[in-house]
């Protein structure tokens, strides 16, 4: 039976933890807002004989963003991290949520991109096999 030598572990920076928490909260909020947009679109759509279904358009951006945010949050919050890679795409989608008048998610995206540029965060990703 072979015993693997423990790899030197870099402690998880607070910014990586913050990225995970922000993505989780923002993902849950985006899912809730998507449900709200769908319900609003259906109610207004019935009242306007289908014309109000235009209110469902933001769902096309919010649902995929929410799913990717939750997946990213799970990866960032998992102990020990496995296959951890930086997710700038998630932050870009969060910034694009300004098209849905979603200021909170846009702010999370900007803060996430700033945190991903920190040297301590880059070193943590490199130590866990991420390409940065």
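Residue numbers (the working numbering): 11 to 142. All C-beta atoms, glycine included, are put in the ideal place defined by N, C-alpha and C. All values reported here derive from a predicted model rather than from experimental measurement.
Distance, Cα to Cα, residue 74 vs residue 97? Within the chain shown, residue 74 is the residue found at index 64, counting from 1. Within the chain shown, residue 97 is the residue found at index 87, counting from 1. Straight-line spacing of the CA atoms in residue 74 and residue 97 works out to 14 Å.
Using only CA atoms, which one of 89, 78 and 131 lies nearest to residue 39? Reading the chain shown from its first residue, position 29 is the one you call residue 39. For the set 89, 78 and 131, the Cα lying nearest the Cα of residue 39 is the one of 78.
Label residue 76 either buried or exposed according to how many other C-beta atoms from any shown protein chain fall within 10 Å of its C-beta, with 16 as the threshold for buried. One-based indexing of the chain shown puts residue 76 at position 66. Result: buried.
How many angstroms separate the CA atom of residue 35 from the CA atom of residue 59? Walking along the chain shown from the start, residue 35 turns up at place 25. Walking along the chain shown from the start, residue 59 turns up at place 49. When rounded, the distance between both Cα atoms is 35 Å.
Quick check on residue 37: does DSSP put it in helix, strand or coil? Within the chain shown, residue 37 is the residue found at index 27, counting from 1. Residue 37 falls in the helix class under three-state DSSP.
Helix, strand or coil for residue 27? Go by DSSP, reduced to three states. In the chain shown, counting from the first residue as 1, residue 27 sits at position 17. Assignment of residue 27 by DSSP, reduced to helix, strand and coil, places it in the helix class.
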